[in-house]
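If you read the sequence shown in this note's numbering, its first letter stands for residue 85, the second for the next number, and so on. We put the CB at the ideal spot given by N, CA and C, even for glycine. The next block holds one structure in the form of structure tokens; read it before the comments.
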Amino acid sequence: MMAETLTLTESAAKRVAWIAQKQAKPAILRLSVEGGGCSGFQYKFDLAESADGDDSVSETDGVKLVVDPISLDLVSGSVVDFVESLGGAAFKVENPQAAAGCGCGSSFGI
């Protein structure tokens, strides 16, 4: 199932491909949402071996971003980017649904 509701930037796709190559895994990034964090929910990133049957999948430069249906409700419309700054390098979710965020950028509220 293709989802146009999620976007993986070229920068994030390159980073996932690099990490996947180092770990000899497929270039599939799983984004999930868990309860917790400073604002109520937090993002979790993992490399996945494959997409599950009910996952939403979007693809950029051959790299897949997969999200389970429950998490998709909370991140629909988001852009996943990879940013490098003085504070370090990290995947960042630009979530239009997030009403509140926190300084760490990995937690959000709706």
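Item                                                                   : Value
Rounded C-alpha distance that separates residue 86 from residue 157    : Confidence at residue 86 is low in this model, with a pLDDT of 46, below 50, so its placement is unreliable and no value can be given for it.
Cβ-based burial, residue 170 [other Cβ within 10 Å; buried from 16]    : exposed
DSSP beta-bridge partners of residue 178                               : 163
Beta-carbon gap between residue 165 and residue 176 smaller than 8 Å   : yes
Residue of 116, 181 and 122 minimising C-alpha distance to residue 132 : 116
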